[in-house]
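So for the sequence shown, the numbering used here puts the first residue at 74; every next one is plus one.
C-beta: ideal position from N, C-alpha, C; glycine also.
A short write-up of the structure that comes next.
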Amino acid sequence: MSEKRPFVPPRWFVTTAWRIHRAIARRGPGRGLWTTADRRGWGSLTLHTRGRRSGEPRLAVVAYLEDGGRWHTLAMNGWSEGHPAWWLNLKADPRATVALADGSRHEVVASRAAGTERDRLWAAWCATNADLDALAASRRTPTDVVLLTPTAG
74 MSEKRPFVPP RWFVTTAWRI HRAIARRGPG RGLWTTADRR GWGSLTLHTR
124 GRRSGEPRLA VVAYLEDGGR WHTLAMNGWS EGHPAWWLNL KADPRATVAL
174 ADGSRHEVVA SRAAGTERDR LWAAWCATNA DLDALAASRR TPTDVVLLTP
224 TAG
């Protein structure tokens, strides 16, 4: 018996949704896209980075979980191959800003979780989505867990 692959929306749908999210995000938090991490188990935030080639400001809306005063997200590119542009931008320059549902903004430094820490954080994501392991297995690109750690000051 074959195992059923979890549903992934068509790529055109995913990219259209991202465009809509970014357009709404430019208007500020509290417009229906932002939720705190306690509402569904995960929340959504806006991530402000700099383009790795252009140096221009970039914005992405990503899901997050909280972990002891920092946030973490998955670099999953809508379950398509390759890393999302925001993660490539953060690899080039790990400094960014996150905006939360309450309107607060925080300067952060991004890093890739590894080893047992990655396993622990991945398990937290799996608790929010039973299909996560199967979705990740459907990609050749590893799904990094990205830590967003607030900077002092």
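Taken through DSSP and simplified to helix, strand or coil, residue 147 comes out as strand. The stretch 143-150 and the stretch 122-129 do not touch, with fewer than 3 CB-CB distances between them shorter than 8 Å.
Residue burial is scored here from C-beta neighbours: residue 175 has fewer than 16 other C-beta atoms within 10 angstroms and is therefore classed as exposed.
Closest in alpha carbon position to residue 208, among 118, 149, 139, 123, is 149. A straight line joining the alpha-carbon of residue 196 with that of residue 180 spans about 26 Å. Excluding five sequence positions before and after residue 206, the CB atoms of its chain that fall closer than 8 Å to its own CB belong to 199, given in chain order.
Residue nearest to residue 151 within the set 139, 190, 211, 168 is 211 (criterion: CA-CA distance).
The bridge partners DSSP lists for residue 140 are 143. In the DSSP assignment, residue 116 is bridged to 137. Here DSSP, grouped into helix, strand and coil, assigns residue 189 to helix. Annotation for residue 157: 148, 150 place their beta carbon closer than 6 Å to its own, counting only its chain and skipping 5 residues before and after. DSSP places residue 161 in the helix class (H, G or I) of the three-state scheme. Setting aside the 5 residues that flank it on each side, residue 216 is surrounded in the same chain by 147, 149, 209, each with a C-beta closer than 6 Å to its C-beta; the list follows chain order.
Across the structure, residue 187 and residue 121 are spaced so that their CA atoms are roughly 23 Å apart.
Residue 206: member of the alpha helix (DSSP H) spanning 205-210, first to last residue. It is roughly 19 Å from the alpha-carbon of residue 124 to the alpha-carbon of residue 220.
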